[in-house]
Structure formats: C-alpha cells, structure tokens
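Here the structure comes first, spelled out in structure tokens, and everything after it is commentary.
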Amino acid sequence: MRYYNIKNRRITAGFKDAVMQGISPDMGLFMPERIPVLEADFFRRLPRMSLPDIAVEVGTLYTGEDIPLPELRRISEEAFDFPVVLQKIGDRKQVLELFHGPTAAFKDFGARFMSGCFRYFASNDDRKTVVLVATSGDTGGAIASSFLGVDGVDVIILYPSGKVSMLQENQLTTLGQNITAIEVEGTFDDCQAMVKGALTGLNTGGRIRLTSANSINIARLIPQSFYYYYAAARAGNNCVISVPSGNFGNLTAAAMAWRSGLDIGHLVAATNINRVVSDYLATGAYTPAASVQTIANAMDVGNPNNLDRLRQIFDGDFQALATAVSGYWFDDDMIRGHISEEFFRTGYILDPHGAVASLGLDRYLADHPGSEGLFVETAHPAKFNDIVEPLIGRPPEMPDSLKGFLTGKKDAVVMHSGYGYLAEYLSARYSPG
Ligand SMILES: *Cc1c(COP(=O)(O)O)cnc(C)c1O
C-alpha cells in the first residue's frame, strides 16, 4: 500500500515512511491510496474473530511488506490485550465501550498499535527516534503509557501548565524512563505551535529522527477501524454507529471500515457546540472556527484535522458524504441532562464524551423508527468525576488502571512558551558527544 500526501497527490510514501514522518514536511496528511475491499469470506468469519485476529487480517492490507505477518501479529496481540465491550442498554440501542485500556480512553487503541510499529521500525535503525507530542489531556497519557520503556525511542510531551486535570498530569509526569514531560507556561495551541516548529524547522544534523505522535499519524488512524469490524459483526445488520467527534479520526476510521465492505447502516457525527462539521454536513459550506471550551473537552476542536481525510474517503463527493453521515451537536446543558437521565432510566453511567454520542444516536433513531444502533463510549466516566458525580449522586467506580495515578511524584521540565525554548532544549539534549 502506498500513502499519498493530501496536499500534493504526487508525493507518496510507503507505510513505514508515512508512519515515521507522521506528517509530510509541507504539513500534508498521509492517506492510503485506496481503501482495500475485504472478501465475503472475511465477513463470514468476522463474528468469531478476536480483535487481534481482525487487526492482523485488516492491518496487513495497510502495512503490506513493511511489517512481516508474524511481527504484525505480535504487535496486535500486545496492543489489544484488553477487552472491547458491547452492551445493550435499550431496545434499539447498544454501547461500545472503548475505555478498558490502560489509560481508560479509546486513544489507547491507536497509541498502542502505533508504538508497536515504532518499536519495530526503531529496532532496525541506529538513530534514536524522538517522538514529540502536544497534548490537551488524554492523548499525552495514552502515548506515554504506550511508549514507556520502548528501546530506541524518547517521548517528549508538551502540555499547558494548569490546564490539565491532576489525574491527566500524573499520567504524563510520573512515569519517568524514556518519557519526558514539558510543562509549558502557555496554552495547548502554544504547545502545538512549538511541536510544529520543531518538526518543520529544527536541524538535528541527522543524529536523531524527529517525529510526532499526534492524531495525524496514519498508524493511529488505521487501528481505530479494527473495533468497528468487531462491533458491527456482533451488533446486527445495518447498524447505525454514532461517534463522539473532535478531530474526527475515530469517525474517519469507521468510514474506512464501511468503505471496505463492512455492513454499517449509517454514521452519526456527534459533537459538542464545536459544530463546524455539523454545519458543513447540513450546508456544504465549511467554516473553521476557534475552539470553544466544553465539558466534553477532548472534543473541543474548531478545525478538525481529519476532515480532509473523511472527504477523501468519499472521493471528494459531498453528496455521498452527506448521505452517509449525519451531524448533530449538543451543548453542555444537554450533555449534563442526558448523563443524569440515562443513569436514572437505565443505570448506565455515561462520561461527557459518550453522552454526546448517545444523544446523537437517540436523535437519529427517533427520526428513523426502523433502525437500530450503537454509540461509542470513548472514556471511562471516572476520568470526569467532577462532572459526573454531581449529576448522578455518587462517584463512578475508578478502574484499577487509573487508581495508580492518584499519587506519584511529579517530574516535569518547566518551559516558557515559544519554539526557541524547545529548540534550545532539544539541541542541548541531543548534541553530539
Ligand atoms: C480524542 C477523544 C475524542 C475525539 O476523537 P477524535 O478522533 O479526535 O474525533 C472523543 N472522546 C475522547 C474521550 C477523546 O479522548
């Protein structure tokens, strides 16, 4: 499989290069040249396949000869060693829980598969790989946990001081080893600008390989399609899938699975009041906006970077996209109201992100009486206890994986905002001799 640069279709790369570069030097995203179509035989066997089985059969169509099959099996079994849970919570409604991984958010799927790929590629390279990540919260934790102890790879995570929760900060700053946290005196956008500056501007003299692990990396996108195969085959024919969306990686991955032949009835793009994609799907006009803060903060994105990829999956045909995907948006009051209503009606505890998807599914099912669907729950509600507990009158039970991050000794490099400071730090740390 070749990957093309969305900004310039003539520039292509193999899987390994697309992954190790993360983004092309002109800031173009990589996209598979075509979405592979799976055979009828695969779909017959699908209901009995485990997630790692699916990852190997689907994944190899994307990784090709860059990752030999036994290696891909090892990467998949190590990455997906926790359950994916599909549960019925209403007559026509199921929930797909993607938060049973080590950081209790769905980003574990992408981060763990990507780290397996990096580990394999780095083992054939004498240069050190340095992975830079800017995080507003969840991404950094998933990346840190996935790359902890990986030989030949240093991970440097930039986060905005005072703007992440205590639990999130501990996930970044207490691990040590090859994980370095940089606490930036600035905003998430400042962190992102610093990472961008380093990726495009820093001259490392070829001593290190500098790359990024943000959601733009194709090795994070592809594994996010695997659980849709797993779920759709078990949820029933023509199932509607509602995805809580921010940068739209998760929804794009669902669309990839669909285009490969998976039986999906319809896709719902559910967002908080950062509604640019809903508006786009309704009108055809795309107007990026500054992001607005909400209680579903991992989805506070005003200019989603995977929207271009989603368009490519429908070959740039707006009508086809708007027919396949419906967009709905919900404000904080609706999210809060829904978390308590669902709890008192069904006993199910939603987190704010899953609540958005649940609302989106309800809206679609109300308009389409014959249909059934599932919504994606992307984070464990205990991660958002300050929001959830007052709404349901008790704290959601904390998973063991998170309990370990309630304590621990914080270790972070404090840095002023500005690319120059990061460049100085990297040059000093990776100078020869
Ligand atoms: C990142 C994230 C999302 C949004 O996913 P995208 O792929 O960016 O659309 C939703 N929920 C949670 C909990 C997240 O961490």
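In our numbering, the protein residues as written are 64 to 496.
In this text, a Cβ means the ideal position worked out from N, Cα and C, and glycines have one as well.
Query                                                                                                                                                                                 : Result
Tell me the residue span of the beta strand (DSSP E) that contains F438.                                                                                                              : G436 to E440
Please tell me whether D371 and I74 are closer than 8 Å, where the distance is taken between their beta carbons.                                                                      : no
Check this for me: beta carbons of Y482 and A294, under 8 Å apart or not?                                                                                                             : no
Measure the beta-carbon distance from A261 to L485 and round it to whole angstroms, keeping in mind my assumption that it falls under 8 Å.                                            : 6 Å
Distance check for G324 and L384, CA to CA, integer angstroms please.                                                                                                                 : 16 Å
Helix, strand or coil for L92 per DSSP?                                                                                                                                               : coil
Please work out which residues of its chain come closer than 6 Å, Cβ to Cβ, to H401, disregarding the five sequence neighbours upstream and downstream, and give them in chain order. : A418 and L422
At a threshold of 7 Å, does H163 count as lining ligand 1 (C-beta to nearest heavy atom)?                                                                                             : no
Can you give the beta carbon distance from T357 to D326, rounded, assuming they're within the 8 Å contact cut?                                                                        : The pair is not a contact, with the Cβ atoms about 33 Å apart (cut-off 8 Å).
Whose C-alpha, out of T441, A348, E96 and P432, is nearest the C-alpha of T334?                                                                                                       : T441
Please report the straight-line C-alpha distance between V451 and A345, rounded to a whole angstrom.                                                                                  : 31 Å
State the Cα-Cα distance for the pair R457 and D414, rounded to the nearest angstrom.                                                                                                 : 14 Å
Expressed to the nearest angstrom, what Euclidean distance is found between the alpha-carbon atoms of V497 and D171?                                                                  : Nothing can be reported for residue 497: it is not among the residues displayed for the chain, which extend from 64 to 496.
Contact check, L284 vs G249 under 8 Å by CB: the rounded distance?                                                                                                                    : At roughly 28 Å, the Cβ-Cβ gap does not stay under 8 Å, so L284 and G249 are not in contact.
Report the residue from V364, S341 and L454 whose alpha carbon sits nearest the alpha carbon of F406.                                                                                 : L454
Hey, is P307 close to ligand 1, as in C-beta under 7 Å from one of its heavy atoms?                                                                                                   : yes
From what residue to what residue does the alpha helix (DSSP H) around H401 run?                                                                                                      : D395 to T409
If Y125 sits next to P95, beta carbons under 8 Å apart, how far is it from one beta carbon to the other, in whole angstroms?                                                          : 6 Å
As a quick exercise: from M177, G390, V213 and G264, pick the residue whose alpha carbon is nearest that of G309.                                                                     : G390
Taking the alpha-carbon of P459 as reference, which of R408, L469, K472 and H443 has the nearest alpha-carbon?                                                                        : H443
What first and last residue would you give for the beta strand (DSSP E) that runs through T250?                                                                                       : Here T250 belongs to no beta strand (DSSP E), and DSSP marks it neither H nor E.
Would the beta-carbon of G390 be found less than 7 Å away from any heavy atom of ligand 1?                                                                                            : no
Quickly, what does DSSP pair I219 with across the bridge? List them, please.                                                                                                          : L195 and T243
What number of angstroms, rounded off, separates the C-alpha of S494 from the C-alpha of A475?                                                                                        : 21 Å
Inspect the beta-carbon positions of M362 and A276 and report whether they are closer than 8 Å.                                                                                       : no
With respect to 7 Å, is the separation between the Cβ of A197 and the closest non-hydrogen atom of ligand 1 below this value?                                                         : no
Ignore the nearest five residues each way along the sequence and tell me which others in Q157's own chain have a CB closer than 7 Å to its CB.                                        : L149, Q150, K151, A298 and L437
Report whether the distance from the Cβ of M94 to the nearest heavy atom of ligand 1 is below 7 Å.                                                                                    : no
Is the beta carbon of F311 within less than 7 Å of some heavy atom of ligand 1?                                                                                                       : yes
Determine whether the beta carbon atoms of V339 and A352 lie at a separation below 8 Å.                                                                                               : yes
Just the Cα atoms here: how many angstroms apart are V258 and A174?                                                                                                                   : 18 Å
State the Cα-Cα distance for the pair R72 and T470, rounded to the nearest angstrom.                                                                                                  : 48 Å
Does L489 come out as helix, strand or coil in the three-state DSSP assignment?                                                                                                       : helix
Span of the alpha helix (DSSP H) holding M177?                                                                                                                                        : K170 to A185
Apart from the five residues just before and just after F393, which ones in its own chain have a Cβ nearer than 6 Å to its Cβ?                                                        : V419 and L422
Is the beta carbon of H416 within less than 7 Å of some heavy atom of ligand 1?                                                                                                       : yes
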